[in-house]
Amino acid sequence: MMQNETFHSRLDQHNLPLFVLKIDRQVPDWELASHQHERSQLLATTSGLITVETPSGIWVVPAQHALWIPSNTLHKVSSYGISTGYVAFVNTVLQHFSAHTCTMLQMTHLMNAMLERVETFSETSFVENNRRLMDCLLDEIQSTAHPIFYLPMPKDSRMLQIAHDLLKQPDQNLNLAEWASRCCMSERSLTRIFHHNTGMSINQWRRKLHVVLALQWLTDGDSVHQVAMKLGYDSDSSFIVMFKKIMHLSPKSYMRQS
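Here the sequence shown is numbered in this note's numbering, starting from 590 and rising by one per residue.
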């Protein structure tokens with residue numbers, strides 16, 4: 590991705606109702622500091638894993654998913670590993686999206702193809718056919734405007750550190766007592782605070798994180814066995830059981846449908 594100054598300068602110069610920039614930086618673990626735009630934004634990830642931090646929490650965007658970010662929403666973007674995709678900026682109101690909260694959606698093959706095409710548009714060569722394709726892209730975005738998979742991130746700094754530790758090392762398997770010791774609090778307090786922040790226990794949150802990462806790695810071509818080993822499972826079957834409990838499909842069945 591381009592440097593922040595160049596990025597925002599290019600953004601300010603655009604007058605198109607919708608335009609797309611490509612995320613193609615071949616550098617792992619990049620970050621964009623907190624900022625906001627007058628336009629709404631669709632952050633689409635084609636490979637890798639991206640997190641978006643807003644005042645209300647952090648959203649995890651795995652490969653082949655996208656996040657709608659309402660206009661004037663303060664947000665920080667971080668990449669885990671090498672991530673690629675697109676950022677679409679929209680200056681029109683979309684009926685099916687909240688004006689105040691982010692919305693997660695799953696990318697379709699059609700959406701990906703249209704983002705790739707619209708990214709080539711310029712103001713100097715803009716024609717009416719381009720506008721029709723832009724309208725089709727907006728329709729496609731809205732047609733998938735429902736939560737596919739949302740991993741809530743805690744706001745409490747101690748709970749957020751646990752989440753960050755699990756993101757960086759998802760195969761670790763600390764028990765509740767060990768997490769409580771790290772946070773210098775009792776197990777009961779840790780359980781209560783983490784649940785208050787996320788609506789689930791640490792183990793439930795970790796399993797959802799494992800599904801997010803599994804979707805990314807399976808999309809990148811890893812086998813079920815490779816994913817299970819990366820996430821620290823003793824066997825493929827134990828990983829598959831966990832995946833099915835959350836997604837109601839086996840990993841292979843889910844990938845066939847996506």
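Positions of the beta carbon are idealized from the N, C-alpha and C atoms, including for glycine.
Just so you know, these numbers come straight off a predicted model, no measurement behind them.
Whole-Å CB distance - residue i paired with residue j, under 8 angstroms assumed
i	j	result
Arg796	Ile751	Not really, about 14 angstroms apart at Cβ, beyond 8 angstroms.
Val609	Tyr669	Contact flag wrong, Cβ pair sits at about 23 angstroms.
Gln630	Ala688	Gln630 to Ala688, Cβ: 13 angstroms. No contact.
Lys841	Val801	Wrong, their Cβ atoms sit about 17 angstroms apart, outside the cutoff.
Phe783	Met748	5 angstroms
Leu699	Glu729	6 angstroms
Leu838	Leu798	Not quite, the Cβ-Cβ distance comes to about 18 angstroms (not below 8 angstroms), so this is no contact.
Leu605	Phe710	7 angstroms
Neighbourhood of residue i by C-beta distance below 7 angstroms, restricted to the same chain and skipping five residues each side
i	result
Met844	Leu807
Glu776	Leu765, Ala766 and Ala769
Asp601	Note that Asp601 scores a pLDDT of 49, beneath 50, so its modelled location is shaky and nothing firm can be said.
Met696	Ala633, Gln653, His654 and Ala655
Lys833	Ser839
Delimiting residues of the alpha helix (DSSP H) encompassing residue i
i	result
Thr692	Careful: Thr692 lies outside any alpha helix (DSSP H), inside the beta strand (DSSP E) at Thr692 to Gln695.
Glu705	His698 to Val707
His814	Val813 to Lys819
Gln754	Strictly speaking, residue 754 in this sequence is Asp, with Gln absent from that position. Counting along the chain, the alpha helix (DSSP H) containing Asp754 begins and ends at Ser746 to Lys757.
Cys772	Leu765 to Cys772
Leu798	Ile791 to Thr808
His784	Glu776 to Thr787
Gly710	A small correction: the amino acid at residue 710 is Phe; Gly does not occupy that position in the sequence shown. First-last for Phe710: undefined, no H or E at that position.
Phe832	Asp825 to Met836
Cβ neighbours of residue i in the same chain (closer than 6 angstroms, five flanking residues each side left out)
i	result
Thr635	Thr673 and Gly674
Pro617	Gly670 and Ile671
Trp794	Thr787
Leu638	Pro651, Tyr669 and Gln805
Phe828	Ala817 and Tyr822
Asn661	Gln625
Glu708	Val609 and Lys611
Val666	Leu621 and Val641
Close Cβ partners of residue i (< 8 angstroms) along its chain, the five nearest in sequence each way excluded
i	result
Leu727	Leu607, Val679, Thr681 and Leu683
Ser824	Ala817
query: Is the stretch 787-796 touching the stretch 617-631, taking contact as three or more C-beta pairs under 8 angstroms?
result: No contact exists between the stretch 787-796 and the stretch 617-631.
Sequence ranges, beta strand (DSSP E) only - wholly within the stretch 593-680, length at least 3: With a minimum length of 3 residues, the unbroken runs of beta strand (DSSP E) contained wholly in the stretch 593-680 fall at 607-612, 620-624, 629-643, 646-651, 654-658 and 664-679.
message: Three Cβ pairs or more, each shorter than 8 angstroms: is that satisfied between the stretch 656-663 and the stretch 680-692?
response: Touching, yes.
message: Below 8 angstroms, how does it come out for the stretch 752-764 and the stretch 720-727: are there three or more Cβ pairs, yes or no?
response: The answer is no - the stretch 720-727 does not touch the stretch 752-764, with fewer than three Cβ pairs under 8 angstroms.
- request: Would you check if the stretch 642-652 and the stretch 739-750 touch, i.e. whether three or more CB-CB distances between them fall below 8 angstroms?
  value: They touch, by the three-pair rule.
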